[in-house]
Amino acid sequence: MLEPFQTHEVFNQSPPFQDLNLFTTDRALMEAVAREGGQHAAQRLSQFGLTCGSAEALEQARLANENPPRLLSFDSKGARLDVVEFHPAYHYLMQISIAEGLHASVWEHLTEGGGARRPGASVERSAGCYLANQMEAGHQCPITMTNAAVPTLLLVPELAAQWVPKILTRTYDKALRPLPEKRGVTLGMGMTEKQGGTDVRANTTRAEPVAGGGQGAEYLITGHKWFMSAPMSDAFLVLAQAPGGLSCFLLPRVLPDGRSNALRLQRLKDKLGNRSNASAEVEFQAAHGWLIGEEGRGVVSIMEMVTLTRLDCAVASAGLMRLALANAIHHCRHRRVFQKHLIDQALMQQVLADMALDVEAATALVFRLARAFDRAEDKDEAAWRRLMTPVTKYWVCKLGPALGYEALECLGGNGYVETGLAARLYRELPLNAIWEGSGNVMALDLLRVLEREPETFERVLEGLGAEAGATATLRAEVERLRSLIKDPAGLLARGRDVIEALALLAAGALISAQAPPFVADAFLGTRLSRASGRTYGHGLAGADTRAILDRALPG
Ligand SMILES: Cc1cc2nc3c(=O)[nH]c(=O)nc-3n(C[C@H](O)[C@H](O)[C@H](O)COP(=O)(O)OP(=O)(O)OC[C@H]3O[C@@H](n4cnc5c(N)ncnc54)[C@H](O)[C@@H]3O)c2cc1C
421 MLEPFQTHEV FNQSPPFQDL NLFTTDRALM EAVAREGGQH AAQRLSQFGL
471 TCGSAEALEQ ARLANENPPR LLSFDSKGAR LDVVEFHPAY HYLMQISIAE
521 GLHASVWEHL TEGGGARRPG ASVERSAGCY LANQMEAGHQ CPITMTNAAV
571 PTLLLVPELA AQWVPKILTR TYDKALRPLP EKRGVTLGMG MTEKQGGTDV
621 RANTTRAEPV AGGGQGAEYL ITGHKWFMSA PMSDAFLVLA QAPGGLSCFL
671 LPRVLPDGRS NALRLQRLKD KLGNRSNASA EVEFQAAHGW LIGEEGRGVV
721 SIMEMVTLTR LDCAVASAGL MRLALANAIH HCRHRRVFQK HLIDQALMQQ
771 VLADMALDVE AATALVFRLA RAFDRAEDKD EAAWRRLMTP VTKYWVCKLG
821 PALGYEALEC LGGNGYVETG LAARLYRELP LNAIWEGSGN VMALDLLRVL
871 EREPETFERV LEGLGAEAGA TATLRAEVER LRSLIKDPAG LLARGRDVIE
921 ALALLAAGAL ISAQAPPFVA DAFLGTRLSR ASGRTYGHGL AGADTRAILD
971 RALPG
């Protein structure tokens with residue numbers, strides 16, 4: 421019986437996808453974490469998976485995106501403020517991620533007596549980031565940059581002694597105050613200028629030494645950055661032209677004497693997605709900065725920061741792809757069309773299972789890479805880290821947008837409206853491919869390894885060749901890759917062929933060694949034999965799609 425004023429009953433809609441444990445419902449993730457050295461963290465990640473999948477956290481994520489940050493240039497009397505105001509939901513999310521240590525946990529050994537890194541620290545942190553991105557992606561930008569800034573700061577022991585202990589506190593302190601008064605700090609980075617983002621050597625921002633200059637010395641920096649995200653960070657690692665060439669500087673927001681540093685926030689970007697995060701255009705008017713490394717070695721100084729952020733981009737995309745897929749499977753398990761659940765319709769099974777194969781591969785690749793960051797003292801692992809960072813970032817981040825779109829379509833019209841999750845994921849996914857080195861730049865980085873350190877490439881390929889073992893499709897892929905790089909003439913134009921072939925070979929080798937046969941056979945039978953199409957839902961007619969889907973999201 422309907423209540424008065426109710427015109428109809430609402431039925432055949434899927435219940436909200438929330439209040440689930442994002443860790444324990446993700447078998448590929450749990451297996452990857454255990455395999456790559458993070459098993460010790462399983463219980464903690466299970467707790468964190470509950471937090472990230474809770475209705476409360478997901479509601480805060482919605483609020484943080486529907487109430488984007490605002491730039492406050494001046495106060496009511498006309499004095500400059502240059503601050504960004506965030507909705508409380510953003511601070512709530514930051515507090516969760518920082519309390520979990522995602523902004524720095526891999527560096528905690530530095531204050532624990534300075535011994536060796538904790539084994540599996542990078543795998544554990546990456547798993548946390550994979551989950552936190554599913555909770556909300558925008559706030560992960562300062563989390564990533566803070567973690568990645570540490571090795572660059574360590575280049576100047578006096579600066580590191582002041583800043584690193586404040587990074588490691590696991591306390592989120594959003595107030596702009598001088599460093600000694602802060603209970604915790606976050607860092608950002610400023611490289612991209614109007615005339616060049618990839619080509620940072622074109623930077624025009626100038627740095628003049630206050631006295632003699634040199635490592636750790638103070639400079640005055642004048643110029644601009646076209647993208648500088650998380651502008652309320654406590655400090656930024658910035659590139660500028662010193663007398664000796666392009667150099668890296670630490671620019672705090674608040675100076676040691678309590679005055680604001682001369683960072684003028686001009687405008688916040690109106691972005692396609694990533695709306696909870698602020699990305700500013702900024703000008704520096706003789707802002708105070710301290711030199712990190714030597715003058716002229718700015719790219720070298722900041723390179724480790726860039727490499728660490730590339731790992732995080734790939735992890736973030738894998739997490740977002742996972743959420744898009746799980747949300748689609750959940751919906752199809754509840755939605756009936758023509759008296760049958762969507763999940764039981766043959767064509768929908770093909771589409772969902774096809775996506776699940778890419779999510780499984782993305783997950784395997786990013787945690788294999790995280791392990792290489794944990795064990796870089798081993799030569800094989802160091803080679804994997806160098807070669808497979810651009811390959812993994814390229815491939816995982818490139819798959820994301822297409823998968824996000826297809827997952828959205830599985831929800832029909834609901835997928836296209838902003839009240840659902842799918843639309844936000846779809847708008848977020850292209851970003852990880854763009855920042856920290858976009859697609860072609862990753863392919864060029866791979867070709868640089870081929871040219872300058874062919875032994876690194878050989879070491880990885882030999883390992884993959886050994887793993888290929890008796891699997892004919894993998895052996896054929898090794899040969900295909902070798903033939904692609906054989907002739908140096910035109911190699912530049914084949915950059916994307918090479919990077920995609922290497923990604924597929926690595927993903928295929930990982931999956932065939934580790935995933936159940938119904939996943940491995942389907943992956944090799946479509947991706948490596950090139951039976952898959954340019955859209956999802958092809959080539960799996962003979963596969964056990966139900967088993968693939970049950971594994972992807974236990975029913
Ligand atoms: C939301 C957002 C936030 C950001 N936050 C920050 C930040 O906090 N700090 C910061 O420093 N930057 C930030 N960036 C900037 C980002 O890192 C750059 O946009 C990116 O590095 C690309 O630089 P660009 O925009 O100048 O493009 P370009 O360098 O002009 O590149 C354009 C295209 O050309 C391709 N390309 C470049 N070189 C070659 C080549 N030799 N051969 C073939 N193709 C090539 C690239 O792959 C790209 O597809 C942010 C960007 C976005 C979108």
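Numbering-wise, the working numbering comes out as the position in the sequence shown, counting from 1, plus 420. Glycine is no exception: its CB is placed at the ideal position from the N, C-alpha and C atoms.
Helix, strand or coil at residue 837 according to DSSP, with G and I counted as helix: coil
For the stretch 690-698 against the stretch 636-647, are there 3 or more C-beta pairs whose distance is under 8 Å? no
Using a threshold of 8 Å, state whether the C-beta atoms of residue 569 and residue 657 are closer than that. yes
Of the residues 559, 522, 468, which one's Cα is nearest the Cα of residue 511? 559
Exposure label - residue 627; buried when at least 16 CB within 10 Å: buried
What is the DSSP secondary structure of residue 438, reduced to helix, strand or coil? coil
Can you tell me which of the three DSSP states residue 592 falls into? coil
Alpha carbon to alpha carbon, how far is residue 909 from residue 926? 25 Å
Excluding five sequence neighbours on each side, which residues of the same chain lie with their C-beta closer than 7 Å to the C-beta of residue 496? none
Could you name the residues that DSSP lists as bridge partners for residue 367? In the structure as shown, the chain starts at 421 and stops at 975, and residue 367 therefore has no counterpart that could be examined.
For residue 683, the first and last residue of its enclosing beta strand (DSSP E): 683-688
Excluding five sequence neighbours on each side, which residues of the same chain lie with their C-beta closer than 6 Å to the C-beta of residue 741? 779, 782, 820, 823
Please classify residue 750 as buried or exposed, where buried requires at least 16 other C-beta atoms within 10 Å of its C-beta. buried
By alpha-carbon positions, which one of 669, 728, 727 ends up nearest to residue 712? 669
DSSP three-state assignment for residue 635, whether helix, strand or coil: coil
Same chain only: Cβ atoms within 6 Å of residue 743, ignoring 5 sequence neighbours per side: 554
Return yes when the C-beta of residue 861 is under 7 Å from any heavy atom of ligand 1, and no when it is not. yes
Minimum length 4: unbroken alpha helix (DSSP H) runs contained in the stretch 815-889: 841-854, 859-872, 874-888
Which runs of the alpha helix (DSSP H) fall wholly inside the stretch 433-499 and span at least 4 residues, in chain order? 447-455, 462-472, 475-486
Ligand 1 and residue 818: does any heavy atom of the ligand fall closer than 7 Å to the residue's C-beta? no
Quick check: is any heavy atom of ligand 1 less than 7 Å from the C-beta of residue 610? yes
So if DSSP puts residue 674 in a beta bridge, which residue, or which two residues, is it bridged to? 680
Between residue 893 and ligand 1, is the CB less than 7 Å from at least one heavy atom? no
Is DSSP giving residue 618 helix, strand or coil here? coil
Would you call the stretch 705-720 and the stretch 581-592 touching, i.e. three or more CB-CB distances under 8 Å? no
Scan the stretch 746-803 and note each continuous alpha helix (DSSP H) run of 4 residues or more that stays entirely inside, going in chain order. 766-794
Let me know the secondary structure DSSP gives residue 627 once reduced to three states. strand
Where the alpha helix (DSSP H) through residue 555 begins and ends: 541-555
Residues near residue 636 by beta carbon distance below 7 Å, same chain, minus five either side: 576, 578, 579, 710, 711
Report yes if the C-beta of residue 917 is less than 7 Å from at least one heavy atom of ligand 1; otherwise report no. no
Just to check, is the beta-carbon of residue 617 closer than 7 Å to a non-hydrogen atom of ligand 1? yes
Please confirm whether any heavy atom of ligand 1 lies closer than 7 Å to the CB of residue 652. no
Residue 814 to residue 732, Cα distance in whole Å? 12 Å
Kindly indicate the opening and closing residues of the alpha helix (DSSP H) around residue 565. 560-573
Rounding to the nearest angstrom, what Cα-Cα distance links residue 443 and residue 465 in this structure? 7 Å
With distance defined between alpha-carbon atoms, name the residue in 962, 801, 777 nearest to residue 379. Limits of the chain in this structure are 421 at one end and 975 at the other, which puts residue 379 out of reach.
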